[in-house]
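To start, the structure under review is shown below, and the notes come after it.
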Amino acid sequence: MSWRLIVFILWTVLLVSGALTASYYAWSPFSDEARGSHAFYGGSTHK
Amino acid sequence: MSGVRSVSCPNCGGSLEVRAAGYSASLGCRYCGSILDVSRPEVELVAAYNREATTFTLPPGSRGTVFGTEWQVVGALRRSDGEGAWDEYLLFNPYVGYRWPVASEGEWQFGTMLLDRPQGDADSVTWRGARYTRAMHQPDATTETVVGEFYWRVARGDRARCSSYERGHDSLSREESDGEVNWTLLVPVRAREIEGAFGLKRDAPANKRQSLYVSHADHTDDLPRMFMIATVAAIVVLALMLALSGPTQRAAAIIKAPFGSTREGQMIGTITIERPWQFVTIHAQGSDFENRWVDIDYSVVDRATGQSIDGYGLVEHYSGRDSDGTWSEGSRTTKTLFGRLPRGIYDIYADAQAHAWPIDEAPQASGWNAPEVLDVRVEAKTGSVPWGNFWTLLLLLMAVPLLVTWRRVRNRE
Amino acid sequence: MIHCPSCGADLAVRDGAVPYTTCAHCQSLVLREGMNAEAIGKVAVVPFDVSPVQLGTSFTVERLHMVTVGRVRWGWSAGSWNEWFLRADDGSARWLAEAMGMFMLTVERPDILERPLAQILVHGGPLIPGCELEIDGEAYQATDVKDAQCLGSEGDLPFPTLSGWQMTNVDFRAPGGGALSLQRDSEGTTAWLGWWFELAGLAPKGLREIEGWTLPEAMR
Chain A
1 MSWRLIVFIL WTVLLVSGAL TASYYAWSPF SDEARGSHAF YGGSTHK
Chain B
48 MSGVRSVSCP NCGGSLEVRA AGYSASLGCR YCGSILDVSR PEVELVAAYN
98 REATTFTLPP GSRGTVFGTE WQVVGALRRS DGEGAWDEYL LFNPYVGYRW
148 PVASEGEWQF GTMLLDRPQG DADSVTWRGA RYTRAMHQPD ATTETVVGEF
198 YWRVARGDRA RCSSYERGHD SLSREESDGE VNWTLLVPVR AREIEGAFGL
248 KRDAPANKRQ SLYVSHADHT DDLPRMFMIA TVAAIVVLAL MLALSGPTQR
298 AAAIIKAPFG STREGQMIGT ITIERPWQFV TIHAQGSDFE NRWVDIDYSV
348 VDRATGQSID GYGLVEHYSG RDSDGTWSEG SRTTKTLFGR LPRGIYDIYA
398 DAQAHAWPID EAPQASGWNA PEVLDVRVEA KTGSVPWGNF WTLLLLLMAV
448 PLLVTWRRVR NRE
Chain C
461 MIHCPSCGAD LAVRDGAVPY TTCAHCQSLV LREGMNAEAI GKVAVVPFDV
511 SPVQLGTSFT VERLHMVTVG RVRWGWSAGS WNEWFLRADD GSARWLAEAM
561 GMFMLTVERP DILERPLAQI LVHGGPLIPG CELEIDGEAY QATDVKDAQC
611 LGSEGDLPFP TLSGWQMTNV DFRAPGGGAL SLQRDSEGTT AWLGWWFELA
661 GLAPKGLREI EGWTLPEAMR
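Residue numbers (our numbering), protein chains in the order written: chain A, 1 to 47; chain B, 48 to 460; chain C, 461 to 680.
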């Protein structure tokens with residue numbers, strides 16, 4: 001049970017909670033939708 | 048009954064003590080360095096020397112308690128190979144047996160002789176279910192100095208045939224002497240365990256150097272545990288990601304992509320997102336076209352707010368012939384991932400335009416045929432699993448133990 | 461109570477089942493047959509050692525209790541060692557050999573003598589280190605062959621330990637800690653099978669007290 005293993009466990013917990021939070025909120029750094037500046041104020045409302 | 052047998056050195060007359068009488072075979076005189084045979088009641092001179100006494104970190108004769116057992120240092124050897132020298136000590140307790148502390152450049156290992164033997168061949172051996180592999184560096188050890196007593200015959204200048212097998216920081220050492228093969232398990236121990244036990248103070252501060260790549264804390268190797276933790280975490284995340292991805296709903300339609308203009312507002316279908324948040328993947332599959340590309344603009348419109356989340360898809364395929372033969376490029380299918388879609392009902396629309404390659408000109412419509420239009424099948428699906436997330440997670444998890452392994456392999460060479 | 465035919469002292473016999481006893485007072489070797497006792501020679505005094513075992517020490521292994529009744533000290537070209545003769549409560553005989561701070565406890569297995577490899581020794585032939593014998597699925601490899609001479613004895617023993625008594629000892633070791641010993645002397649060959657132990661593993665009681673050392677708690 002070295003300190004290195006403890007640090008690794010914390011790192012794993014961090015990654016896992018990050019991954020699960022991302023899944024819950026349906027967030028991905030690889031998603032392709034376009035949001036942001038041009039669809040900001042009220043968004044691009046479709047006619 | 049006294050535990051010590053007093054003898055005098057036939058060479059220099061110095062008075063010596065045999066502390067493991069009955070077990071000890073050889074004794075190195077601490078005054079003149081001569082080697083004596085003490086296996087029989089009569090002491091015999093084996094090799095005479097005349098040299099100054101050598102100092103060892105653990106002086107033979109000293110006593111100390113290591114790991115809860117009292118020991119006496121009965122013998123000390125200084126050995127060397129081409130590169131360096133190290134000291135091996137023999138600890139004795141008549142009610143427990145022998146132990147072997149070994150000191151090499153300030154690093155200590157504690158050795159115990161094995162009762163059960165490892166099995167294997169020249170490259171690796173198995174002991175108690177664990178595999179030990181042959182160490183890269185096999186010292187060809189020469190015995191330089193002998194002080195004290197040993198249960199086998201030692202002589203100065205002995206060349207030992209020993210081989211060692213490693214597993215993490217532990218090693219199994221195989222030595223042959225007098226035709227008998229003996230195995231010793233050596234585990235690293237903190238210098239202060241040994242030196243402190245025998246009442247010696249260390250000059251240098253305790254070895255606190257710990258890097259990410261070399262762990263001195265324990266003799267148990269944490270690398271397999273790291274891999275195990277990473278694997279378990281990956282499996283758990285995978286299972287939960289699948290569970291959290293949500294119910295799958297599909298809507299599909301075939302849209303038309305004309306040349307020269309965009310056909311807008313083609314409805315794909317309606318989907319309902321029931322979870323608080325969900326991913327939607329839109330998959331586009333083009334018909335069997337060649338040297339064409341189709342741009343598709345998606346709009347995922349929330350019925351409640353009228354707000355549109357936009358995305359883009361591109362299907363393309365090109366082929367031709369050149370000096371190397373035929374070639375083809377592009378993909379007629381494409382996937383667009385929409386994330387962070389909140390609960391609601393969405394209508395999905397697509398605008399599409401087809402283009403020709405290499406010259407983006409609408410093919411001429413002949414009088415009888417309708418102008419060319421490409422068909423693209425578009426399917427929107429909720430409940431997709433963000434694989435990119437998973438692979439990234441796996442990479443980040445495994446990077447640490449893989450890096451440690453790589454470092455270890457490199458160090459071994 | 462039998463008296464030593466040589467010096468008249470009480471001959472403390474611990475194990476009536478074996479015929480030879482060494483008189484602790486005059487070192488005569490006494491051969492006992494029923495109530496008759498005959499002195500047949502002198503035995504060398506066992507040299508001083510720091511063995512924790514002494515006559516009367518008992519051991520308990522796998523719930524079998526056994527008592528030390530005799531000792532032989534053997535010497536060979538590169539050293540010497542003790543072999544203690546034990547009588548177990550079930551009536552069987554055991555040998556406990558000491559070497560390098562470890563103990564080899566064995567029981568007689570005459571069936572092993574039927575093996576072809578053992579037969580070589582029985583018929584006076586040599587055995588070389590490295591030869592193998594399989595027993596109960598484990599491979600026993602010969603680790604050393606020693607020609608040994610008796611250097612002294614005490615207590616009750618199954619053979620006469622007069623000076624000059626010789627035997628050839630072949631030790632085998634198995635990977636799991638098993639041990640086999642084949643011993644050939646002028647009376648014949650015997651086979652002894654058992655295990656290697658650390659002293660603590662034998663649950664000893666009545667160990668010798670050695671000056672300068674404290675007996676561990678568990679062994680008192």
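The C-beta atom is built at its ideal place from N, Cα and C for all residues, glycine as well.
Quick one: is residue 407 (chain B) buried, meaning 16 or more other Cβ sit within 10 Å of its Cβ, or exposed?
exposed
Mind checking whether residue 168 (chain B) and residue 636 (chain C) have CB atoms under 7 Å apart?
no
Against chain A, with Cβ distances strictly below 7 Å, would residue 387 (chain B) count as a contact?
Cβ-Cβ to chain A under 7 Å: yes for residue 387 (chain B).
Separation of residue 534 (chain C) from residue 680 (chain C), as counted between CA atoms:
28 Å
Given residue 191 (chain B), which residues of its chain have a CB within under 6 Å of its CB, disregarding the five upstream and five downstream residues?
125, 127
CB-CB under 7 Å to residue 567 (chain C), same chain, minus the five flanking residues each way: which ones, in chain order?
552, 554, 652, 653, 654
Between C:579, C:515, C:594, C:510, which lies nearest to residue 53 (chain B) when the distance is taken from Cα to Cα?
C:510
Using beta-carbon positions only, say whether residue 232 (chain B) and residue 161 (chain B) come within less than 7 Å of one another.
The answer is yes: Cβ separation under 7 Å.
What does the alpha-carbon distance come out to for the pair residue 514 (chain C) and residue 649 (chain C)?
27 Å
Which same chain residues end up closer than 6 Å to residue 346 (chain B) when comparing Cβ atoms and leaving out the 5 residues on each side of it in sequence?
355, 357, 396
Could you check whether residue 381 (chain B) and residue 353 (chain B) sit closer than 7 Å to each other, using their CB atoms as the reference points?
no
CA-CA distance, residue 3 (chain A) and residue 436 (chain B)?
28 Å
According to the neighbour-count rule (16 or more other Cβ atoms, all chains shown, within 10 Å of its Cβ), is residue 80 (chain B) buried or exposed?
buried
Separation of residue 237 (chain B) from residue 132 (chain B), as counted between CA atoms
19 Å
For residue 12 (chain A) and chain B, any beta-carbon pair shorter than 7 Å?
yes
Where does residue 510 (chain C) sit, in a helix, a strand or coil, going by DSSP?
coil
For a contact meaning CB atoms closer than 9 Å, what does residue 156 (chain B) contact in chain A?
Going along chain A, no residue has its Cβ under 9 Å from residue 156 (chain B), so there is no contact; the nearest lies around 18 Å.
Can we say the region 177-186 of chain B touches the region 140-157 of chain B, given the rule of at least three CB pairs closer than 8 Å?
no
Euclidean distance between Cα positions of residue 464 (chain C) and residue 545 (chain C)
21 Å
Output needed for residue 483 (chain C): all residues of its chain with C-beta closer than 7 Å, excluding positions within five of it in sequence on either side, in chain order.
464, 466, 467, 469, 471, 490
Report yes if the CB atom of residue 401 (chain B) is closer than 7 Å to the CB atom of residue 362 (chain B), and no otherwise.
no
Rounded C-alpha distance that separates residue 442 (chain B) from residue 27 (chain A)
Residue 442 (chain B) and residue 27 (chain A) have their C-alpha atoms roughly 18 Å apart.
Using a Cβ-Cβ cutoff of less than 7 Å, which residues in the same chain neighbour residue 445 (chain B) once the five nearest sequence positions on both sides are dropped?
277
In chain order, what residues of the region 632-656 of chain C put their CB closer than 7 Å to some CB of chain B?
633, 635, 636, 637, 656
So does the region 494-502 of chain C actually touch the region 619-637 of chain C, counting three or more Cβ pairs closer than 8 Å?
yes
So, under 8 Å CB-CB, residue 613 (chain C) and residue 532 (chain C) are touching, yes? Tell me the CB distance rounded to an integer number of Å.
Cβ atoms of residue 613 (chain C) and residue 532 (chain C) come within 8 Å of each other, at about 5 Å.
Does the beta carbon of residue 166 (chain B) come closer than 7 Å to any beta carbon on chain C?
yes
So who's on the other strand from residue 579 (chain C), going by DSSP bridges?
The partner list for residue 579 (chain C) (beta bridge, DSSP) is empty, contrary to what the question assumes.
Limits of the unbroken beta strand (DSSP E) element including residue 315 (chain B):
310-333
In the DSSP assignment, find the alpha helix (DSSP H) that holds residue 18 (chain A) and state where it starts and stops.
3-24
Since residue 116 (chain B) sits in a beta bridge, which residues does DSSP pair it with?
B:113
Return the bridge partner residues of residue 518 (chain C) from the DSSP annotation.
C:527, C:665
Within a Cβ cutoff of 8 Å, which residues of the same chain sit near residue 61 (chain B), ignoring the five residues on either side of it in sequence?
55, 76, 77, 78, 79
Does any residue of chain C have a CB that is nearer than 7 Å to the CB of residue 431 (chain B)?
So no, residue 431 (chain B) is outside the interface.
Nearest by alpha-carbon distance to residue 521 (chain C): which of C:673, C:675, C:656 is it?
C:656
Run through the region 194-218 of chain B for me and flag every whole beta strand (DSSP E) of 3 or more residues, listed as ranges in chain order.
209-214
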